[in-house]
Structures are given as structure tokens and as C-alpha cells.
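Each remark here refers to the structure printed beneath this line.
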Amino acid sequence: MTRKEFDYDRPFQCEAGGVIEHLKVVYHISEGYFKDGVSDPEAIRALAHDAAGKKKVVWITHALTANSDPSDWWPELVGPGKFFDTGKYIVICANMLGSAYGSSGPASPKPDTVTPDKPAGRPYYFSFPKVTVRDIVNAEILLRKHLRIEKIDLIVGGSIGGFQALEWAIMEPDVIKTAAFIACGSRVTPWLTAHNESQRMALEADSTFRACGSLKGGEAGLKAARAMALISYRSYEGYNATQSEQDTDTLFADRAASYERYQGKKLADRFDAYSYWYLTYSVDSHNVGRGRGDVREALGSIKARSIVIGIDSDDLFPVEEQRFIAENIPGAEYHEITSKFGHDGFLLEYGQISEILKKEI
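The sequence shown begins at 1 in full-length UniProt numbering and counts up one residue at a time.
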């Protein structure tokens, strides 16, 4: 897939207030979008939806700390010859606003700090506006229009990616033909917000976080936050299956502790605490019913053929949340997959997911 950038030349108004003056959206798109090396959307518009319908559009919406290249974090499903065949389909994934992977966020240079002497400027840090899931989707819609894509044959997302897919199916009901919502809910629960707040507390407990001296600020807090989050992403059975002590005479169990430290460092090496803090608030903004009567009414407005997938061991988004979504979207199908790995099953159980979706593209 090819990495591209979309720059929006007008102010972008955020739902909670505040404006992003120079909106940037980083995205990846399969080479199938291009024709003879031409990348001008006007020149290849017909390619996306030609008369023969040879190129279907698959839009993948990513989860919390992923990037816009799904072949990186979903390698078993995305790529040449894979289920989401980047040679056969036009596959697109946009990096969320607020992320650390290039789209506008707290780690981006604040425009008024960029000078000839300091071309890199200074990051926004906490002066960046808080963004909601609807803001994220509105930015993706701007990208869709920029690419001259009129229909999305399949949108698929898990976790906060599922939030985006739900919002988009409501916001543009005539654009989305088929939607797959995996391991997500229609509104953030107190249970999920409590997890997010505990992680924000870990960030705030790091004295370097509010100092804003560099994007390495809050690194120790980020490691702790990631370790806390990982427990909610996995399950009792999964941890016991993969992190059990090998020595029957172990005095102090450490294997799972070592794994937690490793995963905390792994995220801190590729992400920053400020982007993480903002994205947890984006999660807390999720409520498809806001301003639309209620959640049921909003779900009832979805026209797309809808596939809802739950994971039997998911403690963060129990299957009753997916069943609720399916019950309230007209004609929706509910499927449940089996996994030892809790919420992260949406990343790991690719065989079961592809089996469910094989008739949808």
C-alpha cells in the first residue's frame, strides 16, 4: 500500500469546540487506485467505480494505537493475494485525528510556532482541540470526497475502528453499501470510561507529562497505561495460556510481569503520551445517539447491509453490546467468534473473521 497525505485548505471545526487550521490526514491506499502512475483523483475517478464494477472499495478503520497501513497490523488479511486483496480491491485506511502517525494531533507542529529558524515548530501538546469520533469520521469523509470515491462497498473496523464504521454508516447512509462492526459498542460504557480514566491517571502521575518539554514527556506513565490497557484487551484464559511460569518451583512469578513491561516499552517506543491521552477522550466521546433522538433511533437509520461480530471472551466489549447493535440495525446479521484472547481477538482471529466476511466482497 502507498502512504499519502491529504491537506485540507480550510479550517476544520471540531464538535467539542476549537478549530484545526491546517488539517492533515495521513492515509494508505492500495496501488489499484492508481492507473499508469497517475494519482490525480480526477484522472482515475472512473477506475474506482467503472462500468464493469471491477474495483470494489474496501475502507478499513483502525483501532486505538494502530497506523493507517493495515497490512502492518492485519498482515494475514491485507495485502496482495490476501483476503483484502490490495491488487483486486481499492483498499483505504486513514490515520485517525489525534494519532501519533501523521494525521493532525497533539504531536503535530502548531502552525504559529513554525518559523524559518524553527521549521519543525513546537507540538500542540494540550492546546490541540479534543476530537470526537464524529470529528474523526468527518475528516475521513473529506478524504473520501478528495479521492472522488462515491461508494464504499465494504467498511470494516474493530474497537474504536468499529465506532468509526458505525458513525460513518449513520452519517452517510447512502455511501456505505456493506459494513462490518467488530468488537465494539454503540455508546461508550462506564466500564470502558473507567479503564480510560485509570490510564489517564497513570499519565498524569508522571511529572514529565505536563511539563511538555518534548514528545518523550509522560513516557513512564504511558508504559504503565499501556500495561493497564493490555489486561483489558486480553482474558484470564489467554494470559494463563501464554504467560504461565515454566518452572514448577518458581518463588516469585514474573513471566506475566515481564510481558507487561515489554508491552509498555514497545508502545512507548512508537507512540507518545499526548496522542494517547487525546485518543482516550475520543473513545469517551462515542455515542451514536447524541443529537439523534437516542441510540436505537440512530442505529435504525443505517441502510447498509450490516454484519456485527462479537468475541465470546471480550471483557471490554461483552457480546451483549454487539447483539444490541444487531438487534437495532434493520436486517443486520450477528456472528460470534471464539477466542482465548479477549478483545484482541479482532486482530488475532483473522480466519474466523474472513470466513464470516467472505460473501461480502
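The C-beta atom is built at its ideal place from N, Cα and C for all residues, glycine as well.
Discussion item. Considering only the alpha carbon of each residue, which of G157, G162 and W168 lies closest to R144?
Written reply: Residue mapping note: residue 144 aligns to position 144 of the sequence shown, counting from 1. Distance check between R144 and each of G157, G162 and W168 places W168 closest, using alpha-carbon atoms only.
Worksheet entry | CA-to-CA distance, Y124 to C184, given in whole angstroms | For the purposes of this step, residue 184 is taken as the residue at position 184 of the sequence shown. For the purposes of this step, residue 124 is taken as the residue at position 124 of the sequence shown. Rounded to the nearest angstrom, the two C-alpha atoms are 30 Å apart.
Worksheet item: How about C93 and I60: do their beta carbons lie closer than 8 Å?
Response: The count along the sequence shown starts at 1 and reaches residue 93 at position 93. The count along the sequence shown starts at 1 and reaches residue 60 at position 60. Yes; because the gap between Cβ atoms is below 8 Å, this pair is in contact.
Discussion item. Quick check on W277: does DSSP put it in helix, strand or coil?
Written reply: Within the sequence shown, residue 277 is the residue found at index 277, counting from 1. Of the three classes helix, strand and coil, the one that applies to W277 here is helix, per DSSP.
Practice prompt. Mind checking which residues open and close the alpha helix (DSSP H) that includes E333?
Written response: In the sequence shown, counting from the first residue as 1, residue 333 sits at position 333. Boundaries around E333 are those of the beta strand (DSSP E), E333 to I337, since no alpha helix (DSSP H) includes it.
Fill in: Among E349, A227 and K110, nearest to E260 - alpha-carbon criterion
Here residue 260 refers to the residue found at position 260 of the sequence shown. Residue A227 is the option with its Cα nearest to E260.
Practice prompt. State buried or exposed for L251, treating a residue as buried only when at least 16 other CB atoms are found within 10 Å of its CB.
Written response: Counting from one through the sequence shown, the residue named residue 251 turns up at place 251. With fewer than 16 other Cβ atoms within 10 Å, it is exposed.
Worksheet item: Taking the alpha carbon of Q352 as the point to measure from, which residue in F6, H343, N67 and S339 has its own alpha carbon closest?
Response: Locating residue 352 in the sequence shown gives position 352, where the first residue counts as 1. It is S339 whose Cα lies nearest to the Cα of Q352.
Practice prompt. Look at the alpha carbon of D315 and the alpha carbon of G238, and state the distance between them as a whole number of angstroms.
Written response: Counting from 1 along the sequence shown, the entry for residue 315 is found at position 315. Counting from 1 along the sequence shown, the entry for residue 238 is found at position 238. Each residue's alpha carbon lies about 12 Å from the other.
Practice prompt. Could you spell out where the alpha helix (DSSP H) holding G213 opens and where it closes?
Written response: The residue given as residue 213 occupies position 213 in the sequence shown. No residue range can be given for G213, since it is assigned to no alpha helix (DSSP H) and is classified by DSSP as neither H nor E.
Practice prompt. Could you please give me the residues that DSSP links to G310 through a beta bridge?
Written response: Here residue 310 refers to the residue found at position 310 when the sequence shown is read from its first residue. For G310, DSSP records a beta bridge to E336.
Item to complete: On the DSSP bridge assignment, give the partners of G158 in chain order.
Response: Locating residue 158 in the sequence shown gives position 158, where the first residue counts as 1. Paired residue(s): I182.
Discussion item. Quick check on the DSSP output: the beta strand (DSSP E) that includes R3 runs from which residue to which?
Written reply: Residue 3 sits at position 3 when you count from the first residue of the sequence shown. Segment T2 to D7, the beta strand (DSSP E) holding R3.
Fill in: Distance between P116 and L230 (C-alpha atoms, nearest Å)
Mapped onto the sequence shown, residue 230 falls at position 230. Mapped onto the sequence shown, residue 116 falls at position 116. Distance from the CA atom of L230 to the CA atom of P116, rounded to whole angstroms, is 42 Å.
Worksheet item: Hey, quick one: how far does the alpha helix (DSSP H) through A94 stretch, first residue to last?
Response: The residue labelled residue 94 in the question sits at position 94 within the sequence shown. That residue, A94, is in no alpha helix (DSSP H); its beta strand (DSSP E) goes I90 to A94.
Discussion item. When you compare the stretch 66 to 78 with the stretch 105 to 119, are there three or more beta-carbon pairs, one atom per stretch, that lie closer than 8 Å?
Written reply: Result no; under three Cβ-Cβ pairs closer than 8 Å.
Fill in: Cβ-Cβ distance between Y8 and F128 below 8 Å
One-based indexing of the sequence shown puts residue 8 at position 8. One-based indexing of the sequence shown puts residue 128 at position 128. Not a contact, by the Cβ cut-off of 8 Å.
Practice prompt. Please list, in chain order, all residues of the same chain as A202 whose beta carbon is under 7 Å from its beta carbon, the five residues on each side excluded.
Written response: Start at 1 with the first residue of the sequence shown, and residue 202 comes out as number 202. Correct list, in chain order: G221, A224, A225 and M228.
Worksheet item: What is the DSSP secondary structure of Y124, counted as helix, strand or coil?
Response: Start at 1 with the first residue of the sequence shown, and residue 124 comes out as number 124. Annotated three-state conformation of Y124 is coil, per DSSP.
Discussion item. Is it the case that the stretch 161 to 176 contacts the stretch 197 to 214, given that we only count it when at least three CB pairs across the two stretches are under 8 Å?
Written reply: The stretch 197 to 214 is not in contact with the stretch 161 to 176.
Worksheet entry | Alpha-carbon to alpha-carbon, I90 and Y262 | Start at 1 with the first residue of the sequence shown, and residue 262 comes out as number 262. Start at 1 with the first residue of the sequence shown, and residue 90 comes out as number 90. Spanning the two alpha carbons is a distance of roughly 36 Å.
Worksheet item: Given a threshold of 16 other Cβ atoms within 10 Å of its Cβ, counted over all protein chains shown, does S258 qualify as buried or as exposed?
Response: Taking the sequence shown and counting its residues from 1, one reaches residue 258 at position 258. Exposed.
Fill in: Buried versus exposed call for A194 [16 or more other C-beta atoms within 10 Å across all chains shown]
If you number the sequence shown from 1, residue 194 lands on position 194. Burial check for A194: the Cβ neighbour count within 10 Å stays below 16, so the residue is exposed.
Worksheet item: Going along the chain, which residues of its own chain have a beta-carbon closer than 6 Å to the beta-carbon of residue 381, five neighbours each way excluded?
Response: Outside the shown range of the chain (1 to 361) lies residue 381, about which nothing can therefore be said.
Item to complete: Give the range of the beta strand (DSSP E) segment to which V25 is assigned.
Response: Working through the sequence shown from its first residue, we reach residue 25 at position 25. DSSP places V25 in the uninterrupted beta strand (DSSP E) bounded by K24 to I29.
Fill in: alpha helix (DSSP H) segment containing V137, residue limits
Translated into positions along the sequence shown, residue 137 becomes position 137. Element bounds for V137: V133 to H146.
Practice prompt. Whole angstroms is fine: what's the gap from G53's alpha carbon to K359's?
Written response: Within the sequence shown, numbered from 1, the residue matching residue 53 stands at position 53. Within the sequence shown, numbered from 1, the residue matching residue 359 stands at position 359. Low local confidence applies: a pLDDT of 49 at G53 is under 50, so the model's placement there is unreliable, with the coordinate-based value given in what follows. Rounded to the nearest whole angstrom, the CA to CA distance from G53 to K359 is 16 Å.
Item to complete: Select from L23, V25 and R296 the residue whose C-alpha is nearest the C-alpha of L166.
Response: The residue labelled residue 166 in the question sits at position 166 within the sequence shown. Considering only L23, V25 and R296, the residue with the shortest C-alpha distance to L166 is R296.
Discussion item. Here's the rule: buried if 16 or more other CB atoms are within 10 angstroms of the residue's CB, otherwise exposed. What is S214?
Written reply: Position 214 of the sequence shown, counting from 1, holds the residue named residue 214. It counts as exposed.
Worksheet item: Who does G79 pair with in a DSSP beta bridge?
Response: Mapped onto the sequence shown, residue 79 falls at position 79. Paired residues: D85.
Worksheet item: From R292 to G87, what distance separates their C-alpha atoms?
Response: Numbered from 1 along the sequence shown, position 292 holds the residue referred to as residue 292. Numbered from 1 along the sequence shown, position 87 holds the residue referred to as residue 87. Taken atom to atom, the span from the alpha-carbon of R292 to that of G87 is near 39 Å.
Worksheet item: When you compare each of I20, K303 and I309 to E336 by their alpha carbons, which one comes out closest?
Response: Taking the first residue of the sequence shown as position 1, residue 336 is located at position 336. Closest option to E336, Cα to Cα, is I309.
Worksheet item: Which residue comes first and which comes last in the beta strand (DSSP E) that contains I356?
Response: As a position in the sequence shown, residue 356 is number 356, starting the count at 1. First-last for I356: Y350 to L357, but that is the alpha helix (DSSP H), not the beta strand (DSSP E).
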